[in-house]
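Residue numbers (our numbering), protein chains in the order written: chain C, 1 to 84; chain Z, 1 to 248.
In this text, a Cβ means the ideal position worked out from N, Cα and C, and glycines have one as well.
Structure first, commentary second.
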Amino acid sequence: MPLVHFLLVYDRKLQKLVFERPYTDPAEALHAYEEMEETHRDERNMEIVLVGADSIETVMLTHGNYWQTEPGAEPDASPYLTGV
Amino acid sequence: MAETTSKFAPLPGYSRSAIDRAGDELKRYWLADDEKASVATLRAFEAMIAFRESFQLPLKKTVMGLRSMVCSEVPELKRVGDRVPVAQRLKRREQIINKLVRLDRMRLWTMGDVGGCRAVLPGRQQVDGVLRRIRRNWDVHGRVRDRRDEPAESGYRAVHVIVIRDGRMIEIQLRDPQEHEWALAVERTGARLGIGLKEGEGPDDLTEYFRLASLGMYMERMSEEPNPTFVQAFDAARARAVPYFRRS
């Protein structure tokens with residue numbers, strides 16, 4: 001599977017992803033990443049990240065913190081992390 | 001250091017010292033907090049972005065190789081179409097500056113994780129296998145940080161390796177599912193509360209809880225029965241941390 005780049009914007013105040021877009025062209029993804037960072041340069045509550053993987057499902061596994069944001073959101077959590 | 005620094009490829013348009021000076025300017029700008037960006041700051045941002053861009057291709061090559069190693073160690077992933085739990089990212093510029101601020105001696109040119117990738121493997125055996133392949137096939141820079149048995153103070157456990165690819169340092173993180181679950185829980189909680197929990201910042205009640213949770217999960221993984229003293233300490237830490245986990 002080829003790599004897909006996902007540009008994600010996470011709003012720390014709202015505690016949720018407010019933007020999510022896939023790019024198949026790495027140069028276009030990088031350009032969009034830099035533009036998005038520049039747009040939000042002075043907004044420190046916005047977290048902008050570009051993650052590359054074979055699918056959004058993989059990104060949701062490797063960088064799942066952008067999706068599972070509420071305490072106790074993981075139903076199969078370790079007993080040591082229940083409710084976290 | 002001269003021998004290792006010579007492994008780094010030059011960056012067209014910028015000297016190594018220009019990149020480090022850009023890092024200094026960005027650190028100054030960040031600490032000033034509410035200051036509007038000056039021309040010098042904007043130029044420093046440009047230099048940092050150009051430097052970061054130069055990691056994109058080496059990072060992609062590393063990730064493709066890492067995916068291949070993961071598939072070799074986890075044969076069930078070899079079936080065409082299966083997803084491989086490997087992802088890459090170019091470090092966020094906010095994180096780059098934060099790291100320069102947090103670690104006083106850190107220089108931008110030698111920051112080891114501007115380009116980084118992560119693999120989540122089924123268990124310790126597969127992590128060991130991928131690590132062996134990395135050591136055998138790639139140019140490992142510095143020492144491998146194996147924090148599986150001796151975690152960071154925060155409780156963070158994983159293997160981190162830096163390799164040199166096309167003259168750039170690329171960081172590889174190898175985690176098993178439990179280590180990954182713990183790390184995501186810390187990231188999630190830190191982001192929600194607006195504290196640098198994964199950098200070891202935050203209230204003692206919370207950091208102690210995560211440290212003990214990491215130890216508990218480790219013992220479980222190693223099939224070790226937690227002793228009553230640990231259970232008591234963990235329960236007390238969890239009770240103190242509960243207020244931080246109320247839903248918004």
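DSSP places residue 225 of chain Z outside both helix and strand once states are collapsed to three, so it counts as coil. Below 8 Å, enough C-beta pairs join the stretch 166 to 184 of chain Z and the stretch 107 to 114 of chain Z to call them touching: three or more. Fewer than three Cβ pairs drawn from the stretch 8 to 20 of chain C and the stretch 41 to 51 of chain Z lie within less than 8 Å of each other, which leaves the two stretches out of contact. Per the coordinates, the alpha-carbon of residue 219 of chain Z lies some 16 Å from the alpha-carbon of residue 235 of chain Z. In terms of beta-carbon proximity, residue 32 of chain C stays away from the interface with chain Z, with every pair separated by 9 Å or more. Residue pairing for residue 160 of chain Z: DSSP places it in a beta bridge opposite Z:145, Z:173. Secondary structure of residue 83 of chain Z (DSSP, three-state): coil. Assigned with DSSP and collapsed to three states, residue 115 of chain Z falls in strand.
Listed along chain Z are 56, 57, 60, each with a C-beta nearer than 9 Å to that of residue 26 of chain C. Scanning its chain for C-beta atoms nearer than 7 Å, with the 5 sequence neighbours on each side dropped, one finds around residue 71 of chain C the residues 83, 84, in chain order.
Within the model, the alpha-carbon separation for residue 16 of chain Z versus residue 106 of chain Z is close to 14 Å.
Using a Cβ-Cβ cut-off of 9 Å, residue 39 of chain C does not count as an interface residue toward chain Z, since no Cβ of chain Z sits closer than that to its own. Rounded to whole angstroms, residue 134 of chain Z and residue 144 of chain Z show a C-alpha spacing of 11 Å.
In this structure, the straight-line span from the alpha carbon of residue 74 of chain Z to that of residue 87 of chain Z is close to 16 Å. In the structure shown, the three-state DSSP call for residue 201 of chain Z is coil. For residue 80 of chain C, the C-beta contacts it makes with chain Z under 7 Å involve 213, 216, 217, in order along the chain.
Listed along the chain, the chain Z residues whose CB falls inside 7 Å of the CB of residue 50 of chain C are 89, 90.
Shown here, residue 88 of chain Z sits in a strand according to DSSP, grouped into three states. In this structure, DSSP gives residue 168 of chain Z an extended state, which the three-state scheme calls strand.
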